[in-house]
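Structure first, then comments.
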Amino acid sequence: MTASLSKDSTGEPTEAPLVEVKDLKVHFPITRGVIFDKVIGFVKAVDGVDLSIPRGKTYGLVGESGCGKSTLGRAILQLTPSTGGTVTFDGTPITSLGPGKLREMRRRMQMIFQDPLSSLDPRQNVESILVEGLAAHGIGANRDERRKRVAETLDAVGLPRWALSRYPHEFSGGQRQRIGIARALVLGPDLIVADEPVSALDVSIQAQVINLLEDLQDQLNLTYLVIAHDLAVVRHIADVVGVMYLGALVEEASSDDLYVQPLHPYTRALMSAVPVPDPDVEDQRERILLAGDLPSPANPPRGCRFHTRCPWAQPTKCVDERPVLRVITGTSDTHRVACHWAEDIQSGVLQPHDVRAELVKPASDGEISIPEVLDPTAFDPHF
Amino acid sequence: MFRFIVRRLLQVIPTLFGLSLLLFIWLHRLPGGPETAILGERGTPELRARIRHDMGLDEPIWVQYGKFMKRVLSGDLGTSISTKRPVTTEFLERFPGTIELTVVALIFAIGLGIPLGYLAARRRGSWIDSVTVGVGLLGICTPVFFLGYIYKQVFAVNLGWFPTTGRQDVTIDATRVTGFFVLDGILTREWDASIDAFMHLVLPALTLASIPLAVVMRITRASVLEVMQEDFVRTAESKGLTRKVIRGRHIMRNAMLPVATTIGLLTGSLLSGAVLTETVFAFSGVGSFIVEAIDRRDYPVLMGFIMLFALVYVLINLIVDVSYTFIDPRVRVR
Amino acid sequence: MALLEVSDLSVVFARKGERPVTAVDGVSFSVDAGEVVGLVGESGCGKSVTSLAIMRLLPPRGVRIGGKAEFDGMNLLELPQSAMRDIRGRDVAMIFQDPLSSLNPVVPIGIQVIEVLERHRGMKGEAARREAASLLDRVGIPDPNRRLKEYPHQLSGGMRQRALIAMAVACAPRLLIADEPTTALDVTIQAQILELLKELVRDSGTALLMITHDLGVVAGLCETINVLYAGRVVETAPRRVLFGEHRHPYTVGLLKSIPRLDSPRGERLIPITGSMRDVLPWPEGCAFTPRCFNVVDACVGEPPELRHTGAHAYRCVNPVAEKEVAAK
Amino acid sequence: MTLVGRKKERIERLGELAGAPEERGRSLWQEALRRVRRSPAALIGAGILLLFVLIALIGPFFVPYSPTDPIGINSGEVASGRGIIPGPSAEHWLGYDHQGRDEFSRMVVGARQTLWVGVVATIFGLAIGSLIGGVAGASFALGGKWGKRLDGFLMRVVDIFLALPSLLLAVTVAAILGPSLLTVMIAVGTISVPIFARLLRGSMLAQANSDYVLASTALGVKRNKIATSHLMPNSLAPVFVQGTLTLATAIIEAAALSFLGLGNPDSAAPEWGVMLADAQPYLDIRIGLALYPAFGIIVTALGFTLLGEAMREALDPKLRK
Amino acid sequence: GCAESDRADDSSSSSSDKTLVFGVAGDAKALDPALTSDGESFRVTRQIYETLVRPEEGGAKIVPGLADKFEPDSSGLKWTFTLKKGVKFQDGEAFNAAAVCYNFDRWYKSTGLMQNPDVTYYWQTIMGGYEKNESADLGQSLFKSCKAEGDDKAIIETTKVTSKFPSALALPSFSIASPKALQQYNANQVTGSADDIKYPPYAMEHPVGTGPFKFVKWDTANKTVTLERNDTYWGDKAKLKTLIFKTISDLNARKQALRNNEIQGYDLVAPADVAALKSEGFNVLTRPAFNVLYMAINQSGPAKAALSNVKVRQAIAHAINRDAIVKAKYPEGSTVATQFQPPGLDGYNDGVTKYEYSTDKAKALLAEAGVSNLTLKFWYPTEVTRPYMPDPKGIQELITADLQKAGITVQLTPAKWSPDYLNGVQANADHDIHLLGWTGDYGDAYNFLGTFFDHQTPEWGFTNQALFDAFAAADKEADAQKRFGMYKDLNKQIMDYLPGVPVAHGPPSLVVAKNVSGIKPSPLTDERFVNAEVK
Ligand SMILES: Nc1ncnc2c1ncn2[C@@H]1O[C@H](COP(=O)(O)OP(=O)(O)OP(=O)(O)O)[C@@H](O)[C@H]1O
Ligand SMILES: Nc1ncnc2c1ncn2[C@@H]1O[C@H](COP(=O)(O)OP(=O)(O)OP(=O)(O)O)[C@@H](O)[C@H]1O
Ligand SMILES: [Mg+2]
Ligand SMILES: [Mg+2]
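Chains as they are written, first to last, in this note's numbering: chain A, 60 to 442; chain B, 2 to 335; chain C, 115 to 442; chain D, 9 to 329; chain E, 1452 to 1986.
Spelled out as structure tokens, the structure:
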């Protein structure tokens, strides 16, 4: 890798975390009204998240679909305006930045998307895709300089030069994702938020992309926030893993700690649900099957949000008091969990019980609004 | 749902208001006024000036508009300059004819368009498909006067199956109840009147239906093709259901959704398409009346009718939207 | 005689003016009564086409199907459409990948279940409704009576897949084909669904053909596993053999390219290079050659035969040595 | 040769087999064009249009008679007022028209103006409609609260136009501008403005939530730039398809306007729609006077429609793989 | 389509049960002839009402109507109308001098909206004013008083002598209505405001006159007016039982309706269709051409400098091949117009200057006038046919071609007949040449010539005081024969001055089915259905 792209590759990561998130909230208003819209409620997609991502490290975020991972990722980049809380990026509180300043800041924080095809403009060729960001930030004095930079980036992500004149639809899934990564990299960012970077990819290709992300991090001292619903992927790639449930973190620990000693009942269930390609493991493992589905974030359960599905739920506390992330005795001090009964579950004092599945109304997916059909011949030649 | 309807209706108000202002200014800016139309070749400049003055047409436009709005808001749409009858009376008298015509045309368009569109989709690429495309195009590209002429020549003059003009045989002394002749005949049990009125509708409705028929056919075809690819049709097949159930419950019910919106849209265009059809068939409806009103610069009629047209158009689309929520349970109106 | 005996099945998509695509190319496998068989491979390898060919659900035009698919001695591929309609849903049922798009959005769940009962079990009215409710109950949908009246979009993803399963098992079919039934679902829900399928198979003796790209899913479920690549079976084995002593480099790739939850962190993944695009047409050799780490000259030229060693068979001229597998 | 070396060599060869990368990439449009070229319907459509354009371009130089000279009346052969309009003959292949002019020459020369009116009217409608729809769509998608309001306002205005009977719309536009060829084009174009506007807006809104727009925002690209270089280009496909289809109807609408006296003032200049309208009183005497131009219009419309439909299919994202 | 024919066949042999459906191009506006001025209303009211004097059947000459005799005194101001005896209104009221005077007083004493030119147009144009004028634009009324002398003598006094009186009394607007009905149905209560005029019930639903047919119903929803035989009619009773006027505005639609036997006749036959209809066996009834088409030359338009030169106007006249136009675009029996009034109407002058077709002469005259590069703004109406102008566009195209041959550039302006065209050529000056014409209202040349030329108008754009004075003199001449002589002079004078080019007199036609007889075409469109028979 060339110097122009790498930053600080020799320096040790400094102490202060690159990203600090404090009590971040993203609430989407639900509106209704006859003439003027009134807000009648909120989808609390992210509801009070604290986390920090150290420089040069990878923070992994897992959770079920709809728990607010993507929203959190976008809010950290301020692509979705936050309702409350702060995000500090390298000492700058970006939640209170004006649009112009924020735009400048974007050079240093980039994003990789889940679906490589839909995140690439089908009418732009790769060169144009890569140059767009450079142009927006006035990087590179002239065409040649930009080309050089683009070419270097292509090398870095392992794409051939001829790719430049090609269009996204001409590439395979893995290559497309490489284009997406190149687009993020070309600006030379410090932070990359990768929202499900591999889940849309073929099994065989996932490994290529994961390896690439790891290699790039090593070379460029990048900081990652990797979002995935696949615990195995997150555990593989991340230094620190945060488990999210209904808009909030329920557990946060280093990758190994989490695997060895999951403390939150949800983490345990999640872990036991991940299939392992090994008949012996599969035959022996004990499963914690969760009942029902993720409740709607528009109407989250009171108290502990997980209590409706928790096999260890207790009649007290769980129902009316929302647990906060805390360190419990006997574990590492980077291991935090939001459960009232974590100690008792850990020690085996509490045993799981059956849970009746509750009816969950899914968030609006599948709903559509009235389509607009316009037909050329819907007007008449009156004659 | 109720809120939705109220909201949509309230939204219509500014639209209608804007429309009325626009129309008013627009119409009054057109060269020539009702005075010329009233007097015809016999107009002298003096007479014209007198009529203009008497009618207040020489006042500033906003004063005229103010008067107009005042009257409209008090529930009076004014009197037709040319027929000297209240616009509302004219409307009530002529609209039923247009509605009958439009409804029958829609029935033709839907009744023929959907099966043909389905067939074309099912036999995509076959001669049936090509024929439907051709017929649709023919319907779209042939001017109304020509199509009407040919229908009349073939089905009336040559074959003698249908009458060519009017809404009802002049010698039938039918009782008028609602103004919908077919309905009136049924209500009063004057069956011959009802049947005769229907026979009078066939040719104009066929003519008027030519464009919607083509549109419905095409949309149905496209939509059926799309639905046939859907996973749930495969699921239905995998359940071993009979063809009939798959066609009706799974394919058509879904394929009808875009067709439904189109129909709403088409109703608007049918209303304006009725204009020429009514003239060609000497069919007494609002369409032909509007044409005359344009010629005569009959401002009250034009204002009133077009506003009512627009309102009807909006209402129909509202109805389509509301009915959408019944056809498609996924639709959430907001 | 196995319940389902697929032999030399081939499917060619040949549209006018386009190059013919051979999606399935001489696939053979069998499913015994009550057995759970897996069909594994990455996207585009022909899994779905295979299952659709067996069900006769491929479009009637532009498709050439060859070989045999004998169900209970009848060759499904030659059955008249009407007979096939009788078999579908009654003797052989199917579950699809995306539960939302696989359900008719404008028809209540209840009717979609009841229509199967009406068609194949001649049930009507209240009886059919009650049976439908009990079916929903059986697949673990809470408050089934209310759910009958609801539409697919009102159910969560997991519930939708359960409803689909309810429809599939409504007539206690002898064979259930599940085409990636959990791919669109979250892991926790996937676990629920897999558990449900296991239970159903166990309780009713239905045979299950499980199609997936996730070797993890088949590891705990299937007795026999077929690995498909570019339309051909490249390896077949009972599951312990397959996971323990697989010989085909592609199977190695599938296993090693995915992070395992239990593998130590930071262990480097071994990706399969290239993508499904880099496929050699089978007649010119092993289709996997362009992506294979274990290529020899013999890979190109002659297509490799399926080599049988007992229940284990693989299609490779240069298989991975058993010890090599262990080392990897 | 080492195993690795051999492998490399083989893979290179296999790469050739699997289709080596060509020199230049194909954009979606090129890709679509390729698909269009393969569709027989499109070929027929394109063939028809080519013929049509050819006739329009060079036909006027080869016609046997002046299309505006009332030769038949001067020679006394034609007396349309007395029901005498001679039909096809050796000298006049399609006979005379009601003004004693050579119908064949009029058909050939008429192609040009017919095409011209249709094209200009459609372009006008498309341009204005796209402008309104584009502004509305972009402000809704990217403009925040005020953007939504602007969009709402523009769409209300468009609604008004959509609710107006289009005849009235065209007539009033034409009456205000006064009769001229340009007026016809503008009036006909105006009818399709609301349709294009809604189409583009709808298409843009559909794009607005796509990831690549978000990606551009994340890159720090300015909103105007996103609108013009991403939202617009990606939303235009259906608008263009619509355009080809509108062309067909535009020709007919134009004829209708001429019929109402709002058309080309030089009424003797041949144009198919006008010819069709002029034939109306003579349907009994010589129906050919209506049939020839009607046939011309329908075949042309067929050409545009076939091509448009083929384009629509070619650009359909669902078929893009 | 067969419904009607069945019915017609079913009817018994007695012709008195027959129905005739006659297709007309437009709806009547109202059925009180005093309040209307349009031909379609008149067509209906002519069957219901009668006037004191009337045109002879099939002609324009004035003959007795409800008055057996009408004579002026020596001053020419006082007219005695001797009324027919034994006439009854359709409501049973007696027709007498009091009724006549009631009608005249009703018109004369109009107030309010009744004085609106839109309402009592003909009274206003013929009589000039009312008892109490409410507008300063109105003048003194020609009508002074009406006195009943006994039952059968009505004495009408006028304020001056004019060519219009009494021939204009033949206009349907001067129809005598039943006073009782007028009162009963509030005939004078025209309400609303000038821009919102509402007619009283009398005018819409209760017309009562003395004519051979009485009103039954006006079905606006089906666009028909139904009349029935008046069995108390004083003269020969109508042969038809029922007479229905059905509005069919589209020309082809009327034709097809006739072919389909939905109607048994219609008016405004397109000249082009005449031959075809005849060959199909229909009876085409051609009216004498009581009209003129002219191409007006405006002397205050854009090209006024050139056009005020009479040589240029002559050049234009020579440039146009009127023969070819008449042959190609007009029906059989049409003639080229040499002056602005039809032949056969007293005052016609065979000796006017004629301008034969000669492009060379035209060019020479233009050169003589020193005019080169003459560009003329030519207005023509679209989407209309008039009895005197069967195909305006076609005629325009021929004229244009002719003018171009003479080296004149033509700049065309098409416009919709109403109101754009009429407004453009009659109220504005932005036109050089245009096509227009006239169908006579009643049988006096003044109705043609005077209408065009007795004062300055924007249509012609010239001021010729001598000519205007000559008209005033002719109008005042009480002696008809003397007046006719003056008209002859006027025609000559006009054609020398050449304010425009008269083009054609085209006989309009109506058509009836083979089995219909007894209708006599009238130059004034005063066809009477009283003798009409369906066999
Ligand atoms: N713009 C929005 N307006 C309203 N609700 C939203 C919006 N975006 C997301 N949501 C809701 O917020 C919740 C969290 O969404 P988010 O996309 O962050 O979940 P996720 O964890 O990324 O899920 P997935 O794994 O499916 O991507 C969901 O219920 C979603 O419906
Ligand atoms: N209708 C079709 N027409 C042409 N080719 C098709 C058609 N359906 C499938 N194919 C091709 O057949 C091959 C196998 O497709 P198939 O759907 O069976 O893959 P799969 O293994 O099920 O993949 P996935 O995991 O993505 O579902 C693919 O290359 C595909 O492009
Ligand atoms: Mg997400
Ligand atoms: Mg598949």
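Ideal Cβ positions, reconstructed from N, Cα and C, are used throughout, including at glycine.
Between residue i and chain C, is the shortest Cβ-Cβ distance under 9 Å, so that the two count as touching?
i: residue 29(B); result: no
Is there a Cβ of chain D sitting closer than 9 Å to that of residue i, yes or no?
i: residue 146(B); result: yes
i: residue 135(B); result: yes
Drop a sphere of 10 angstroms on the beta-carbon of residue i, count the other beta-carbons inside from all chains shown, and report buried for 16 or more, exposed for fewer.
i: residue 153(D); result: exposed
i: residue 173(A); result: buried
i: residue 407(C); result: exposed
i: residue 1776(E); result: buried
i: residue 128(B); result: exposed
i: residue 171(A); result: buried
i: residue 380(A); result: exposed
Look up residue i in the DSSP assignment and give the residues it is bridged to.
i: residue 1474(E); result: 1697(E), 1717(E)
i: residue 1799(E); result: For residue 1799(E), which the question treats as bridged, DSSP gives no partner whatsoever.
i: residue 301(A); result: 120(A), 311(A)
i: residue 110(A); result: 80(A)
i: residue 1963(E); result: 1716(E), 1734(E)
Would you say residue i lies against chain B (beta-carbon separation less than 9 Å)?
i: residue 257(D); result: yes
i: residue 216(C); result: yes
i: residue 1470(E); result: yes
For residue i, which option in the options has the closest C-alpha, if you only look at C-alpha atoms?
i: residue 1691(E); options: 1698(E), 1678(E), 1699(E), 1700(E); result: 1678(E)
i: residue 1904(E); options: 1551(E), 1916(E), 1893(E), 1895(E); result: 1916(E)
i: residue 245(C); options: 141(C), 256(C), 354(C), 231(C); result: 231(C)
i: residue 275(A); options: 221(A), 212(A), 334(A); result: 212(A)
Using a C-beta cutoff of 9 Å, does residue i count as contacting chain E?
i: residue 262(D); result: no
Counting contacts by CB-CB distance shorter than 9 Å, is residue i in contact with chain A?
i: residue 397(C); result: no
Q. Can you list the alpha helix (DSSP H) stretches of 4 or more residues lying completely in the stretch 1608 to 1661 of chain E, in chain order?
A. Within the stretch 1608 to 1661 of chain E, the complete alpha helix (DSSP H) runs of at least 4 residues fall at 1630 to 1635, 1652 to 1656.
Q. If you scan the stretch 228 to 266 of chain A from start to end, which runs of the alpha helix (DSSP H) of 4 or more residues do you find wholly inside it?
A. Taking 4 residues as the shortest admissible run, the stretch 228 to 266 of chain A contains the following complete alpha helix (DSSP H) segments, listed from N- to C-terminal end: 232 to 244.
(Q) My parser needs the beta strand (DSSP E) runs of 3 or more residues fully inside the stretch 156 to 233 of chain A; what are they? (A) Here the runs fully enclosed are 168 to 171.
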